[in-house]
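Please read the structure below before turning to the comments.
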Amino acid sequence: MSDHASGRRLLVVLNPRAGIGSAHYLRERILDELRGLDARLHYITEGEDLRRVIGEALEAGVTEVVAAGGDGTVSSVAGALAMKDATLGIIPTGTANMLARELGIPLSVTLAARTIKKREHIVRLDTMSAGDRHFVYQVVVGAGAEWTSDITKAEKELLGRSVYALARLRLLTDHRPLRVTLTIDGRRECMWVNQLFITNAGILGTDPLRLGRGIRPDDGKIEVIAMRGRTRMEYIESGLDMMLGNFGGPGLRYFDARKEIVLTTEPETVIKADGEFIGNTPLKLKVLPGAVRVIAPGRP
Numbered sequence: 011m012s013d014h015a016s017g018r019r020l021l022v023v024l025n026p027r028a029g030i031g032s033a034h035y036l037r038e039r040i041l042d043e044l045r046g047l048d049a050r051l052h053y054i055t056e057g058e059d060l061r062r063v064i065g066e067a068l069e070a071g072v073t074e075v076v077a078a079g080g081d082g083t084v085s086s087v088a089g090a091l092a093m094k095d096a097t098l099g100i101i102p103t104g105t106a107n108m109l110a111r112e113l114g115i116p117l118s119v120t121l122a123a124r125t126i127k128k129r130e131h132i133v134r135l136d137t138m139s140a141g142d143r144h145f146v147y148q149v150v151v152g153a154g155a156e157w158t159s160d161i162t163k164a165e166k167e168l169l170g171r172s173v174y175a176l177a178r179l180r181l182l183t184d185h186r187p188l189r190v191t192l193t194i195d196g197r198r199e200c201m202w203v204n205q206l207f208i209t210n211a212g213i214l215g216t217d218p219l220r221l222g223r224g225i226r227p228d229d230g231k232i233e234v235i236a237m238r239g240r241t242r243m244e245y246i247e248s249g250l251d252m253m254l255g256n257f258g259g260p261g262l263r264y265f266d267a268r269k270e271i272v273l274t275t276e277p278e279t280v281i282k283a284d285g286e287f288i289g290n291t292p293l294k295l296k297v298l299p300g301a302v303r304v305i306a307p308g309r310p
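In this note's numbering, the protein residues as written are 11 to 310.
This is the structure:
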């Protein structure tokens with residue numbers, strides 16, 4: 011049976027501004043590897059409603075949407091596919107490529123496209139939703155909500171993924187304690203924190219830096235990680251514990267959320283979700299286990 015006869019119809023959503031290679035090279039490389047499949051390409055343009063573009067494609071019979079770009083592109087496409095029957099394919103062309111790394115998807119454009127064509131394994135990706143928006147990586151509150159905004163384009167091009175480690179070191183000098191009230195699946199916690207992660211991915215910008223042990227994007231839960239403390243020294247200690255992998259340190263607290271997370275802070279502070287500023291606290295998130303179907307490499 012040919013790939014066309016199998017009923018697979020693909021929309022490749024390509025961000026021409028993300029990461030490696032020219033848009034023309036990426037287009038030719040991807041479509042060449044997907045030859046034999048019914049695949050068409052859409053270039054992302056600034057300011058367009060990508061959710062509408064994908065929604066119209068699904069109504070027209072598209073069964074798989076391929077996100078070719080960085081983490082922002084993958085997040086936007088995944089959000090548009092949450093709770094839908096269509097499947098997500100990922101061709102990572104960005105800097106961090108967090109979800110691809112978490113799922114073992116090849117970082118090579120060629121090999122990632124071949125993984126999609128083979129379609130050997132499907133992973134059910136968890137998401138977080140706030141209203142009608144879905145997030146797949148991390149929601150950050152506190153000092154870390156602004157740390158990536160300090161990265162310059164020149165630093166990113168020069169250092170690649172290592173720029174995230176540099177930004178983390180800069181962050182250790184930023185001290186903004188918050189009084190946080192968390193309600194996680196009905197359990198209430200109050201504490202002083204400098205930084206709070208609500209995360210579906212364990213990678214902290216780049217391997218080998220991680221937020222904790224055993225954090226997976228397909229385990230049916232979201233991790234809430236508090237870097238506790240009111241003083242600058244406590245903040246530095248908890249930050250170093252995380253960077254050095256000492257996840258049992260006294261300044262770090264971990265919680266599992268399987269249904270809902272409600273967050274308030276004093277004072278009010280900004281929220282960054284999947285790399286984008288989405289507003290200020292308070293925040294209410296719903297956990298949606300297995301909300302997005304993702305093509306991943308076959309299991310050994």
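Virtual Cβ for every residue (Gly too), placed ideally from N, Cα, C. As the structure is a computational prediction, the values presented were derived from the model and not from experiment.
What's the C-alpha gap between residue i and residue j?
i, j, result
"L47", "L113", "23 Å"
"F287", "T279", "11 Å"
"Y7", "G80", "Missing from the structure shown is residue 7; the chain here goes from 11 to 310 and no further."
"S16", "T73", "11 Å"
"R197", "F265", "10 Å"
"A123", "E38", "12 Å"
"A49", "L41", "8 Å"
"P299", "I64", "22 Å"
"L36", "P26", "8 Å"
"E43", "R268", "38 Å"
"V22", "F207", "31 Å"
"E233", "G82", "20 Å"
"D142", "A92", "10 Å"
"H34", "N107", "21 Å"
"Q148", "G222", "13 Å"
"I126", "T241", "48 Å"
"I218", "L250", "Before going on, a small fix: residue 218 reads as Pro here, not Ile. Distance between the alpha carbons of P218 and L250 is about 14 Å."
"A236", "A70", "44 Å"
"G224", "R19", "35 Å"
"G258", "M252", "9 Å"
"A301", "I115", "19 Å"
"N204", "A306", "36 Å"
"K94", "I132", "14 Å"
"N256", "A153", "20 Å"
"N290", "L24", "30 Å"
Which residues does DSSP list as the beta-bridge partners of residue i?
i, result
"H144", "S139"
"G289", "I281"
"K294", "V272"
"A267", "I232"
"M237", "Q205, L262"
"I132", "I305"
"V190", "M201, T275"
"L51", "V22"
"V151", "L206, I281"
Since residue i and residue j should fall inside the 8 Å C-beta cutoff, what is the C-beta to C-beta distance between them, to a whole number of angstroms?
i, j, result
"V297", "L98", "Actually they do not touch by this definition, with Cβ atoms about 19 Å apart."
"R238", "R220", "Not really, about 18 Å apart at Cβ, beyond 8 Å."
"V146", "D59", "No, V146 and D59 are not in contact; Cβ-Cβ is about 19 Å, not under 8 Å."
"W202", "R189", "6 Å"
"A140", "L293", "7 Å"
"A110", "L121", "Going by Cβ atoms, the distance from A110 to L121 rounds to 11 Å, so no, they are not a contact pair."
"G261", "E130", "Contact flag wrong, Cβ pair sits at about 42 Å."
"V119", "I281", "At roughly 33 Å, the Cβ-Cβ gap does not stay under 8 Å, so V119 and I281 are not in contact."
"A96", "R61", "Rounded, the Cβ-Cβ distance is 13 Å, inconsistent with contact."
**Message:** Count Cβ pairs between the segment 123-138 and the segment 220-231 that sit closer than 8 Å; are there 3 or more?
**Reply:** yes
**Message:** What ranges does the alpha helix (DSSP H) occupy inside the segment 57-115, keeping only unbroken runs of at least 4 residues that lie completely in it?
**Reply:** 60-69, 81-91, 108-113
**Prompt:** Would the segment 238-249 and the segment 209-225 be scored as touching if the rule is three or more Cβ pairs under 8 Å?
**Reply:** no
**Prompt:** Unbroken beta strand (DSSP E) runs of length 3 or more, entirely within the segment 193-220: which are they?
**Reply:** 197-209
**Request:** For the segment 68-80 and the segment 93-112, state whether three or more C-beta atom pairs, one from each stretch, are separated by less than 8 Å.
**Result:** yes
**Request:** Report yes or no: do three or more beta-carbon pairs, one from the segment 267-279 and one from the segment 189-209, lie closer than 8 Å?
**Result:** yes
**Three CB pairs or more closer than 8 Å across the segment 80-90 and the segment 54-72** = yes
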